[in-house]
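Chemist: One structure, as structure tokens, below. Some questions next.
2 protein chains.
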Amino acid sequence: MKTILVIGMGRFGRHLATRLTEFGSEVMIVDKEEDKIQDLLPIVTRAQIGDCTDEKMLASLGVGNFDTCFVCIGDDFQASLEITSLLKDMGAKYVVAKADRAIHEKFLLRNGADEVIHPERDAALRAANKYSARNVFDYIQLTSDFSIFEIAAPESWVGRSIKQIGVRSKYNVNIIAIKKNEEIIPITNVEYVFKKDEHLIVAGNAKASSRMLSIK
Amino acid sequence: MKTILVIGMGRFGRHLATRLTEFGSEVMIVDKEEDKIQDLLPIVTRAQIGDCTDEKMLASLGVGNFDTCFVCIGDDFQASLEITSLLKDMGAKYVVAKADRAIHEKFLLRNGADEVIHPERDAALRAANKYSARNVFDYIQLTSDFSIFEIAAPESWVGRSIKQIGVRSKYNVNIIAIKKNEEIIPITNVEYVFKKDEHLIVAGNAKASSRMLSIK
Ligand SMILES: Nc1ncnc2c1ncn2[C@@H]1O[C@H](COP(=O)(O)OP(=O)(O)OP(=O)(O)O)[C@@H](O)[C@H]1O
Ligand SMILES: Nc1ncnc2c1ncn2[C@@H]1O[C@H](COP(=O)(O)OP(=O)(O)OP(=O)(O)O)[C@@H](O)[C@H]1O
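Line by line, the protein sequences are chains A and B. Note that the working numbering numbers the first sequence so that position 79 is 79, with each residue one more than the last. Note that the working numbering numbers the second sequence so that position 1 is 1001, with each residue one more than the last.
Shown next, in the form of structure tokens:
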């Protein structure tokens, strides 16, 4: 059972605290405004009202006892930076901060954040990949050089199997599943033959992916 | 070349417009506040200042000519709903709206949105999966029943190959890559032998994933 501190009940913080509790962690939430925590009281383990830039207030939470501390404040960047830095000074094991702009990320990482999350940037990248010119239905970047994407099965592949085409050796990608009418069916057999109107869920690095996207 | 309309230059809208332009689409941006579009002028194809709840203003954009129209407004839900509905009435081909709360999604889908995006909710789910009790380093849901996750190689697997373990037939998951010191190496050979301290990138449905996470 993990114990997790979540500071700031904006959209991201609220969803995070709710999901962490759902997955079985003990969650403590803090916000400086009372009305932001009222409706979460019955869901989370503990809740506290207070301004976390106040050292005494933060010290009273016992930050060293939490497995992970989240700072989910966007609009007031100075508060986010101060709280991140104070948490680290007080012995927080692992600090994750939310950032709104790339420049915030640099300062947060230099002042105590072990990791930074960009909700809007990540969602925008996924949407931009999905709606750009290429024949892509969904696209998720796992690292800067490895992605998962959903594409229509190339016409030249219909009626042939993974093995016959030599997908792995020729294109250096991994077909992980087929999508047909919103249902995803994991592919575990290289004898699988592609059919018309199927989408492929493919995994591979950037170079392999762009070659894959240009097959007719 | 796709042509895309993006209304609302908040954090999500700005990232979206920038990325869509980067991936080769023609992008038009609109915001009611001039200072929100100034710095994007040199990047996007066209920019316009105006209140999109005004029918005449929206009609002047020629919304029927865009492949996709995005409504990226969160704080003013009424404006988001009005604009989404007006776009559809004026013949927009495909409308994607950003939502802040689940209740917004319902109204947006009923009033013209073809799709709804929740940036904060999706980012929070990914973070909550990553930091919950289970031995998971990253976790992305592609659909409600298919996910990609990164876990430590189970001790009982170290020194054995995918084929020897019978990963696919026994666990109904697909090992798509190995992660070692931040580098992801696609796995395309079932003779691959797992080593200590490697992470696995695995794809599978919810049932198969939770079985996989409980192996020692
Ligand atoms: N010093 C502070 N101490 C405790 N809580 C704070 C502090 N400063 C801000 N907060 C709280 O953090 C929450 C989130 O702040 P903010 O509105 O900046 O988020 P946001 O980036 O817009 O979030 P989201 O995009 O997730 O909605 C608010 O509920 C606010 O009351
Ligand atoms: N009626 C409207 N017509 C055109 N632009 C609008 C209208 N209403 C709001 N906007 C613009 O939409 C942008 C985004 O609005 P808002 O602040 O609600 O976003 P947000 O949900 O906080 O975004 P994010 O989380 O992406 O930062 C603002 O720049 C605002 O000026």
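We put the beta carbon where it would ideally sit given N, CA and C, even for glycine. Quick caveat, the model's predicted, so the values are computed rather than measured.
Using a Cβ-Cβ distance under 8 Å, would ALA203 (chain A) count as near chain B?
Modeler: Start at 1 with the first residue of the first sequence, and residue 203 (chain A) comes out as number 203. For ALA203 (chain A), the answer is yes, since a Cβ of chain B falls inside 8 Å of its Cβ.
Chemist: Excluding the five sequence neighbours on either side, which residues of its own chain have a C-beta within less than 7 Å of the C-beta of ASN1129 (chain B), listed in chain order?
Modeler: Here residue 1129 (chain B) corresponds to residue number 129 of the second sequence, with the count starting at 1. Setting aside the 5 residues that flank it on each side, ASN1129 (chain B) is surrounded in the same chain by VAL1136 and TYR1139, each with a C-beta closer than 7 Å to its C-beta; the list follows chain order.
Chemist: Identify, in the order they occur along the chain, each residue of the same chain with its Cβ nearer than 7 Å to the Cβ of VAL1167 (chain B), setting aside the five sequence neighbours on each side.
Modeler: In the second sequence, the residue the question calls residue 1167 (chain B) occupies position 167. Around VAL1167 (chain B), the same chain offers VAL1173 and ILE1175 as residues with beta carbons nearer than 7 Å, after the five sequence neighbours per side are excluded.
Chemist: Would you be able to state if there are at least three C-beta pairs under 8 Å between the region 1007-1014 of chain B and the region 154-166 of chain A?
Modeler: no
Chemist: Specify the secondary structure class of ASN174 (chain A) as computed by DSSP and reduced to three states.
Modeler: The residue you call residue 174 (chain A) lines up with position 174 of the first sequence. ASN174 (chain A): strand per DSSP, three-state reduction.
Chemist: Report the three-state DSSP secondary structure of GLU1115 (chain B) (helix, strand or coil).
Modeler: Here the question's residue 1115 (chain B) lines up with position 115 in the second sequence. Strand.
Chemist: Going by CA-CA distance only, name the one from A:LYS195, A:LEU87 and A:ASP114 that's closest to GLY159 (chain A).
Modeler: Residue 159 (chain A) sits at position 159 when you count from the first residue of the first sequence. Of the candidates A:LYS195, A:LEU87 and A:ASP114, the one whose C-alpha sits nearest the C-alpha of GLY159 (chain A) is A:LYS195.
Chemist: For a test of the three-state rule: what should DSSP assign to THR3 (chain A), helix, strand or coil?
Modeler: If you number the first sequence from 1, residue 3 (chain A) lands on position 3. Of the three classes helix, strand and coil, the one that applies to THR3 (chain A) here is strand, per DSSP.
Chemist: With respect to 7 Å, is the separation between the Cβ of PHE1012 (chain B) and the closest non-hydrogen atom of ligand 2 below this value?
Modeler: As a working mapping, residue 1012 (chain B) is identified with position 12 in the second sequence. Within the cutoff, so yes.
Chemist: Between the Cα of ARG101 (chain A) and the Cα atoms of A:SER85, A:MET90, A:HIS118 and A:LEU87, which residue gives the shortest distance?
Modeler: Here the question's residue 101 (chain A) lines up with position 101 in the first sequence. It is A:HIS118.
Chemist: Using a threshold of 7 Å, is the CB atom of LYS1036 (chain B) nearer than that to any non-hydrogen atom of ligand 2?
Modeler: Indexing the second sequence from 1 puts residue 1036 (chain B) at position 36. Result yes, Cβ under 7 Å from ligand 2.
Chemist: Near VAL1221 (chain B), which residues of its chain fall below 7 Å by C-beta distance, leaving aside the five closest residues on each side in sequence?
Modeler: Residue 1221 (chain B) is absent from the structure shown; chain B starts at 1001 and stops at 1216.
Chemist: What three-state label does DSSP hand TYR192 (chain A) in the structure shown?
Modeler: The residue labelled residue 192 (chain A) in the question sits at position 192 within the first sequence. Here TYR192 (chain A) carries a coil assignment [DSSP, helix/strand/coil].
Chemist: Which runs of the beta strand (DSSP E), 3 residues or longer, sit entirely within the region 1053-1119 of chain B?
Modeler: 1068-1071, 1095-1098 and 1115-1117
Chemist: What residues in the region 1140-1171 of chain B have a beta carbon less than 9 Å from any beta carbon of chain A?
Modeler: ILE1140, LEU1142, THR1143, ASP1145, PHE1146, ILE1148, GLU1150, VAL1167, ARG1168 and SER1169
Chemist: Please go through the same chain and pick out, in chain order, the residues whose beta-carbon is closer than 8 Å to the beta-carbon of SER1161 (chain B), but skip the five residues on each side of it.
Modeler: Stepping through the second sequence from its first residue, residue 1161 (chain B) is reached at position 161. Result list for SER1161 (chain B): VAL1190, GLU1191, TYR1192, VAL1193 and PHE1194, in chain order.
Chemist: What residues from chain A crowd round GLU1120 (chain B), counting only those whose CB sits closer than 7 Å?
Modeler: Numbered from 1 along the second sequence, position 120 holds the residue referred to as residue 1120 (chain B). In chain order: ARG11, PHE12, HIS15 and PRO119.
Chemist: Can you tell me whether DSSP reads PHE146 (chain A) as helix, strand or coil?
Modeler: Position 146 of the first sequence, counted from the first residue, corresponds to residue 146 (chain A). Here PHE146 (chain A) sits in strand by DSSP.
Chemist: Determine, using beta carbons only, whether ALA1124 (chain B) comes closer than 8 Å to chain A.
Modeler: The sequence position of residue 1124 (chain B) within the second sequence is 124, counting from 1. At least one chain A Cβ lies under 8 Å of ALA1124 (chain B).
Chemist: With H, G and I counted as helix, E and B as strand and the rest as coil, what does DSSP make of ALA153 (chain A)?
Modeler: Here residue 153 (chain A) is taken as the residue at index 153 of the first sequence, counted from 1. Reduced to three states, the DSSP call for ALA153 (chain A) is coil.
Chemist: Would LYS2 (chain A) count as contacting chain B if we go by Cβ distances under 8 Å?
Modeler: Position 2 of the first sequence holds residue 2 (chain A). So, interface residue.
Chemist: Using the C-alpha atoms, what's the distance from ARG126 (chain A) back to SER1025 (chain B)?
Modeler: As a working mapping, residue 1025 (chain B) is identified with position 25 in the second sequence. As a working mapping, residue 126 (chain A) is identified with position 126 in the first sequence. The straight-line gap from Cα to Cα measures roughly 15 Å.
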